[in-house]
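What follows is one structure encoded as structure tokens, with my remarks underneath.
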Amino acid sequence: MTKIQQLMKRGSEILGSKYAIMGGAMTWVSESNLVAALANNGVFGVLASGAMNGDLLKNEIEATQSKTSHNFGVNIIVMNPALQDLIDVCGEHKVSHVVLAGGLPDKATIDKIHSYGIQVMAFAPTLAIARRLFKQGIDALILEGSEAGGHVGTLSTMILIQDILLNLKEYPIFVAGGILRGEIIASLLQLGAVGCQLGTVFACCRESQMHPECKKAYFKANGRNAVVPVQLDKKFQIAPVRALENRATDEFVERQREVLRKFENGEVELVNGKLSLEHFWAGALRRAVQEGDVDRGSLMSGQIVEIIREERSIEEIVNTILSEAEEFLSKL
Ligand SMILES: Cc1cc2nc3c(=O)[nH]c(=O)nc-3n(C[C@H](O)[C@H](O)[C@H](O)COP(=O)(O)O)c2cc1C
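In the working numbering, the protein residues as written are 1 to 332.
Shown next as structure tokens:
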């Protein structure tokens, strides 16, 4: 067994995959083809259920299972009104792991997923929340720094590592956000992480069904182009989303202004206003990923886009990571 395989052993066992590398869920991008291709290459892929209902998720799980016999996870957004149905579908289809995102899960949700024999993973933005989630019974945690693509928290990966990973060494923790090179993955494993989750690089890989025009935009972009649009008013907190700047990121600010005005006039409730902004992102992301609209579509992307310059296969990406990690470890 190579040094990097040894370091990945615990994470691989937790995931039931060859490598302790997760291909993070990406709405519209992490569909059956990409997730199965990740799984067939030893990576733990996670299907994104986004705003799906139970029937759509059932179809997507069955499509994935028809393309791979390996484990994969399902990402469920906690505030999805179909939450209970989605959990039942995962249970009926013997999914091995559910990754809960988009809010903090309660104990009843975690217990329900466990009742199907499914492992539960979740995200935590602070040490106190991480401790609470483990107390509530989650099986593993993902720390995702604000360098990441898509919905992000406020703290960078470096801060979360020091605040959470180094203080909770007894628990299984995966790290995400701005990670690509093998040297970094090996270092995080040495610091006690059980694995890493990568997103943007897999959105741009050969097996990803993302529209070719979109992929081109990612390869051309620099890290500084992957921005989080401003929040206009503290009273109306928005969920920050990191994406390549284009007309959609400008339009988001306009939409926010409009919703804020309606909220102040009492024409819309806070929760519905926030929901309409979420729908804006989901619709714009679909326009980019499926239609290739790189102007008015949302190109959710992490800052790691700075070093993603060409389309590679999953196999090439993984082999590069492994050889970088091995070379780094052999010099220590
Ligand atoms: C296009 C895109 C869509 C995403 N959608 C989701 C999602 O639906 N659910 C989720 O938990 N994370 C989502 N993420 C976050 C990824 O799963 C992953 O954690 C993140 O991309 C890792 O950071 P990186 O992009 O720097 O590798 C998304 C990321 C991207 C780039």
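Here a beta-carbon is modelled for each residue, glycine too, at the ideal position from N, C-alpha and C.
The closest CA to that of residue 167, considering only 191, 146, 148, is found on 191. For residue 279, the closest alpha carbon among the candidates 293, 134, 256, 294 is that of 256.
Here residue 157 is buried. Its C-beta has 16 or more other C-beta atoms within 10 Å. The residue among 153, 233, 86, 310 with its C-alpha nearest the C-alpha of residue 241 is 153. Sequence-distant Cβ neighbours of residue 163 in its own chain, meaning closer than 6 Å and more than five residues away, are 127.
Per the coordinates, the alpha-carbon of residue 72 lies some 36 Å from the alpha-carbon of residue 236. If you check the CB distance, residue 178 and residue 147 come in under 7 Å. For residue 8, DSSP records no beta bridge to any residue.
Listed in chain order, the non-local C-beta contacts of residue 40 below 6 Å within the same chain comprise 68, local neighbours out to five positions each way being set aside. At least 7 Å separates the beta-carbon of residue 136 from that of residue 169. Between ligand 1 and the CB of residue 300, the shortest heavy atom gap is smaller than 6 Å. The stretch 16-28 makes no contact with the stretch 56-68; the number of CB pairs closer than 8 Å stays below 3. In this structure, the alpha-carbon of residue 284 lies about 19 Å from that of residue 202.
Across the set 277, 244, 250, the C-alpha of 244 shows the shortest separation from the C-alpha of residue 303. For residue 102 and residue 74, the gap between their C-alpha atoms comes out near 13 Å. Taking all protein chains in view, the Cβ of residue 297 is crowded by 16 or more other Cβ atoms within 10 Å, so the residue is classified as buried.
Going by beta carbons, residue 224 and residue 295 fall outside the 7 Å limit. Inter-residue distance for residue 142 and residue 258 is about 34 Å (C-alpha atoms, whole angstroms).
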